[in-house]
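Protein sequences appear in the order of chains D and G.
Residues in the first sequence are numbered from 1321 upward in steps of one, following the numbering used here.
Residues in the second sequence are numbered from 2 upward in steps of one, following the numbering used here.
Even for Gly, the Cβ is constructed at its ideal location relative to N, Cα and C.
Structure first, then comments.
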Amino acid sequence: NAGVTQTPKFRILKIGQSMTLQCTQDMNHNYMYWYRQDPGMGLKLIYYSVGAGITDKGEVPNGYNVSRSTTEDFPLRLELAAPSQTSVYFCASSYLSVLTYNEQFFGPGTRLTVL
Amino acid sequence: AQKITQTQPGMFVQEKEAVTLDCTYDTSDQSYGLFWYKQPSSGEMIFLIYQGSYDEQNATEGRYSLNFQKARKSANLVISASQLGDSAMYFCAMRLSGAGSYQLTFGKGTKLSVIP
């Protein structure tokens, strides 16, 4: 199992550009999440999904969009990039079960800089 | 709304010594879970240990243990016999069991440095 994979690892955007951060998991997890981590801070939830076709906003959704057409993939779209979106972006997944801790498994992160 | 507080921005510990990383939480819910994650300089988030709010025993995973004091709303991480590889950021996080998203709320983290 590759776990949670994210592409790209690094990206520099100009103000106003758009891009999609890719996230794929091969663990058949139903829940998927996008977090951002600003310098010196903990992670904050941007969007989450409880299954294919179902998404909802987290704590900091402005400037982002998501879709979940399959169980495996959960891309994050940035429209009209702004310097405030400079951050490290983490995708995570978990499987809801009474038999586990339901811990979230994280991808390696994407470091995004908007200039 | 739930909140996680980690009051120690940075900690130093001598190799082979034990260290306690503090975490307090605030929630009015009765059913919740507490997690600790490690983030080395390479950036990935590594799950370490979990404590459920109804668990009567403190959680342990190898050299990691969680000192859970429910009345004080604290969930401190204890690392025994520190190793150089323990140098990293450590994040405490909480999940409300009744929340539909099962999202994690994170603290700001503690940077642990292990001294040889």
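Less than 8 Å between the CB atoms is what I'm expecting for residue i and residue j, so what's the real figure, rounded?
i: Gly1360(D); j: Lys109(G); result: 7 Å
i: Tyr1351(D); j: Ser1413(D); result: 6 Å
i: Gln104(G); j: Gly1378(D); result: 6 Å
Assuming residue i is part of the beta strand (DSSP E), what are its boundary residues?
i: Gln7(G); result: From DSSP, Gln7(G) is part of no beta strand (DSSP E); its letter is neither H nor E.
i: Leu113(G); result: Thr111 to Ile116
i: Gly63(G); result: First-last for Gly63(G): undefined, no H or E at that position.
i: Gln40(G); result: Tyr33 to Gln40
i: Ser1413(D); result: Ser1407 to Ser1414
i: Asn1321(D); result: That residue, Asn1321(D), is in no beta strand (DSSP E); it is neither H nor E in DSSP.
i: Ser75(G); result: Ser75 to Ile80
So the candidates are the options; which of them puts its Cα closest to the Cα of residue i?
i: Leu85(G); options: Phe48(G), Asp27(G), Val115(G) and Thr106(G); result: Val115(G)
i: Asn1321(D); options: Val1434(D), Gly1383(D) and Gln1345(D); result: Gln1345(D)
i: Glu57(G); options: Leu49(G), Arg64(G), Ile47(G) and Asn68(G); result: Asn68(G)
i: Tyr51(G); options: Phe92(G), Lys112(G) and Ser81(G); result: Phe92(G)
i: Leu1365(D); options: Pro1403(D), Leu1333(D), Pro1381(D) and Thr1390(D); result: Pro1381(D)
i: Gln31(G); options: Leu113(G), Tyr103(G), Leu97(G) and Lys112(G); result: Leu97(G)
i: Gly1429(D); options: Gly34(G), Asn59(G) and Ser43(G); result: Ser43(G)
i: Thr1340(D); options: Phe1425(D), Asn1348(D) and Trp1354(D); result: Trp1354(D)
Residues in its own chain within less than 7 Å of residue i by CB, not counting five upstream and five downstream?
i: Thr25(G); result: Thr6, Lys74 and Ser75
i: Pro41(G); result: Ala89
i: Phe107(G); result: Ile5, Phe92 and Ala94
Could you pull out every residue in the same chain whose Cβ sits closer than 8 Å to the Cβ of residue i, ignoring the five residues on either side in sequence?
i: Gln15(G); result: Ser83, Val115 and Ile116
Please work out which residues of its chain come closer than 6 Å, Cβ to Cβ, to residue i, disregarding the five sequence neighbours upstream and downstream, and give them in chain order.
i: Asp1358(D); result: Ser1407
Just to confirm before moving on: does the CB-CB distance between residue i and residue j stay below 8 Å?
i: Phe1330(D); j: Arg1397(D); result: no
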